[in-house]
Amino acid sequence: MNAIKGFVLKTISFVTGEDFWRGIVAIIVFLLFWETGSRSQSWFGVAFPWVSQVPAPTAVLQEMYRLIQDPSFWHSAYLSTLRVTEGFLAAMVIGIPLGLAMAVSKTFYGISFPVFEVLRPIPPLAWVPAAIIFWPTQELSIAFVTFLGAFFTIVINVIGGAQAIDVRYFQAARSMGSSTWDIFRRIILPGTLPSIVVGATVGIGITWAVVVAAEMISGGGSAGSVGGAAGGGLGFFIWNSYVGGSYTQIVAGMISIGMAGYLSSAILRKIGEWMTPWLAEG
Amino acid sequence: MNPTSASVAVSALPGGAIPAQAARTGKVRIIDAVKYYGAAGTGVLAVDHCTFEVPAGEITVVVGPSGCGKTTLLNAIAGFHSLSSGSIYLDDEMLCGPGKLKAEPGPDRIVVFQNGALFPWKTNIENITFGPMMQGRLTRAEAYEKARDMMADAGLRGIENNYPGEISSGVRRRVEIVRALMNDPKILLLDEPYRALDSLTKSVMHEALLEIFYKNRVTIFFITHDLEEAIFLGHRVVIMTTRPCRPKKILDIDIPHPRDYSVLTTKRFREFMDETAAAVHEEATKAFAAGEKER
Chain A
10 MNAIKGFVLK TISFVTGEDF WRGIVAIIVF LLFWETGSRS QSWFGVAFPW
60 VSQVPAPTAV LQEMYRLIQD PSFWHSAYLS TLRVTEGFLA AMVIGIPLGL
110 AMAVSKTFYG ISFPVFEVLR PIPPLAWVPA AIIFWPTQEL SIAFVTFLGA
160 FFTIVINVIG GAQAIDVRYF QAARSMGSST WDIFRRIILP GTLPSIVVGA
210 TVGIGITWAV VVAAEMISGG GSAGSVGGAA GGGLGFFIWN SYVGGSYTQI
260 VAGMISIGMA GYLSSAILRK IGEWMTPWLA EG
Chain B
337 MNPTSASVAV SALPGGAIPA QAARTGKVRI IDAVKYYGAA GTGVLAVDHC
387 TFEVPAGEIT VVVGPSGCGK TTLLNAIAGF HSLSSGSIYL DDEMLCGPGK
437 LKAEPGPDRI VVFQNGALFP WKTNIENITF GPMMQGRLTR AEAYEKARDM
487 MADAGLRGIE NNYPGEISSG VRRRVEIVRA LMNDPKILLL DEPYRALDSL
537 TKSVMHEALL EIFYKNRVTI FFITHDLEEA IFLGHRVVIM TTRPCRPKKI
587 LDIDIPHPRD YSVLTTKRFR EFMDETAAAV HEEATKAFAA GEKER
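See below:
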């Protein structure tokens, strides 16, 4: 009850606050510039450089309104979301234990970290051709590349987080009779959790960047295409719109990916806050 | 110097509820302790043939310049680091010595750390119940009940379910001392616990510590570089030389317990200050000249 009240009060003070209105005005001015620029040819007879090539926000909005009623668009969104989720979850499931093992065991760290550091600088997209060869289906290749996008970030964060745990926590726990397993479970795991959350939030952002490019390069995957062109994920949807010359669709696709990326980061941040209540302010 | 005056003061405490056996355990004897960092010969000598005793049921304060090696000694008692030679006994049990230069950490010797080491991801009461539950000595319900009682005793009611990050640093230090006491330690090892606090908070913390001490009568080994703090709290003050550390002067402070802050203005207190200030200052000057840094 108090939480709801607090939330409502916070929302009200935010909406009535200066920052909120400054933000709103900034966005409106931005959209006005964009609209004017896009329509400069027809309105003023002079094409503004750059912006006149971009479809106007009102046209994009119209296109988006059409798209949300189009099942093939939703299928694309679904496919991309599925690949992001698969790759991301695989990266978490493999990356967290691996990072923890590397942080805990000097021997394992000595063996695995050099290999890890050799592979890490390779951009995930450079893996696309190799992935297509390695994996039996296109679907798996794309999921693998998205996995790579999140994997390295998560592992690096987990190692860093676990190694940064204050040695006094281990000493205190040892003094109070903790076993090695207790120390892992009650010190190392919670001590690393904030870094895991950071790694996951950053990682899923990269995953969205990677999935779009992978879909464009690999031609949208083999998962079938409902309604023809827009069948292979949002990346392929944008590429296809480009090939088909539908510029409003390109921008609409870009915006949907932006929203999807924002939404998934926001969800992870919320889960993270819920899992690390001690980091909450006041 | 005058042990009777201390015991008279204690028995005069209201209620006089002093656990009898607690007062007789927790004696630590440090015998000829030496600690080298790095290889012998080329390494740094941190502790140089240190011998002194921490009497059971009393507060012994070790004073020395920063970086002199007093924390090394504390770590050896706690079992976090080894000695290079020498031995340390807790009551009649050898903690470390020839053949076993590193003590096992254990709940009979709990450290309260310089900047605090409460687990930030556990609430205050979860921190406080951590020890007994780890050791399996108490069930969850028993541990929580004991924790609530002890927190109430220490004036910590109402913050049970807060996280350490949500309370002030002075209160955090008190929570940490309660967490230590929950383990029924024979000796509390305090490593400059009030160093980061402002002087007003510090004076409150000193009285709170004494109050806890009078209630529990646990042996306290207290490290500081603050001479006034040392004389105010200690039954015994061990003044260390700069690195390598060795007792330079051992004083028994015969100001009767229980003490409160009015002690600071007494003649006897000033006498102790005058008697020791020169010695401490001399070591501090040497440490400064040697370029010892805070560690």
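Heads up: the sequence lines are chains A and B, in that order.
Each position in the first sequence, counted from 1, maps to that position plus 9 in this note's numbering.
Each position in the second sequence, counted from 1, maps to that position plus 336 in this note's numbering.
For glycine and all other residues, C-beta sits at the position ideal for the given N, C-alpha and C.
For the stretch 177 to 192 of chain A, the residues whose beta carbon sits under 7 Å from a beta carbon of chain B are, in order, Arg177, Tyr178, Gln180, Ala181, Arg183, Ser184, Met185, Gly186, Ser187 and Asp191. Closer than 7 Å at the C-beta level to chain A, one finds no residue of the stretch 585 to 607 of chain B. With fewer than 16 other CB atoms across the displayed protein chains lying within 10 angstroms of its CB, aspartate 534(B) is exposed. Taking each of Val399(B), Ala414(B) and Glu394(B) in turn and checking the Cα distance to isoleucine 575(B), the smallest one comes out for Val399(B). Listed along the chain, the chain A residues whose CB falls inside 7 Å of the CB of asparagine 519(B) are Met185.
In this chain, the beta strand (DSSP E) harbouring aspartate 384(B) covers 380 to 390.
Within chain B, the residues placing a beta-carbon under 8 Å from that of aspartate 175(A) are Ala453, ordered along the chain. Interface annotation for the stretch 384 to 415 of chain B against chain A: Ala414 and Gly415, criterion Cβ-Cβ distance under 8 Å.
DSSP places isoleucine 366(B) in the uninterrupted beta strand (DSSP E) bounded by 364 to 373. At a cut-off of 8 Å between beta-carbon atoms, glycine 170(A) makes no contact with chain B. Judged by beta-carbon spacing, serine 85(A) lies beyond the 8 Å limit of proline 64(A), meaning their Cβ atoms are not closer than that value. Inside the stretch 433 to 498 of chain B, DSSP marks whole alpha helix (DSSP H) runs of 4 or more residues at positions 460 to 470 and 476 to 489, from first to last along the chain. Nearest C-alpha to proline 583(B) among Glu543(B), Ala382(B) and Ser505(B): Ala382(B). Within a 10 Å sphere around the beta-carbon of threonine 407(B) sit 16 or more other beta-carbons, which makes this residue buried.
When DSSP assignments are scanned along the stretch 512 to 539 of chain B, the uninterrupted stretches of beta strand (DSSP E) that are 3 or more residues long and fall wholly within it turn out to be 523 to 527. The C-alpha of glycine 244(A) lies about 24 Å from the C-alpha of isoleucine 163(A). Per the DSSP secondary-structure output, glutamate 429(B) pairs in a beta bridge with Leu426(B). Under the DSSP assignment, proline 203(A) falls in the alpha helix (DSSP H) whose first and last residues are 198 to 227. Assigned with DSSP and collapsed to three states, isoleucine 503(B) falls in coil, not helix or strand. Between glycine 442(B) and glutamate 512(B), the C-beta gap is not smaller than 8 Å, which leaves the two residues out of contact. Cβ neighbours of cysteine 404(B) within its own chain (closer than 6 Å, five residues either side excluded): Met576, Thr578, Arg579 and Cys581.
Interface flag for glycine 200(A) against chain B is set, since a Cβ pair is found closer than 8 Å. Between tyrosine 178(A) and phenylalanine 39(A), the alpha-carbon positions lie close to 50 Å from each other.
The beta-carbon separation of glycine 362(B) and alanine 392(B), rounded to 5 Å, stays under the 8 Å limit for a contact. The shortest CA-to-CA distance from alanine 68(A) to any of Phe82(A), Trp43(A) and Ser81(A) is the one to Trp43(A). Secondary structure note for arginine 572(B): its beta strand (DSSP E) is the uninterrupted segment 572 to 576. Collapsing the DSSP output to three states places aspartate 588(B) in a strand.
Cβ proximity to chain A below 7 Å picks out Pro456, Trp457, Phe466, Gly467, Met470 and Gln471 from the stretch 456 to 478 of chain B. Taking a C-beta distance under 8 Å as the contact criterion, phenylalanine 624(B) and isoleucine 395(B) do not qualify as a contact pair. Among the residues facing chain A, tyrosine 499(B) is included, as its CB has a counterpart in that chain under 8 Å away.
Close CB contacts of glycine 379(B) within its chain, under the 8 Å cut and outside five residues either way in sequence, are with Tyr372 and Tyr373 (chain order). Excluding residues up to 5 positions away in sequence, Thr210, Ile213 and Gly214 lie with their Cβ nearer than 7 Å to the Cβ of serine 274(A) in the same chain. Between glutamate 72(A) and alanine 261(A), the C-beta spacing is below 8 Å. Exclusion of the five residues before and after aspartate 368(B) leaves His385, Cys386, Thr387, Ser421, Gly422 and Ser423 as the residues of its chain whose Cβ lies within less than 8 Å of its Cβ.
Excluding its 5 nearest sequence neighbours in each direction, proline 500(B) has C-beta neighbours in its own chain below 6 Å: Leu454, Pro456 and Arg508, listed in chain order. The beta-carbon of isoleucine 513(B) is placed no less than 8 Å from the nearest beta-carbon of chain A.
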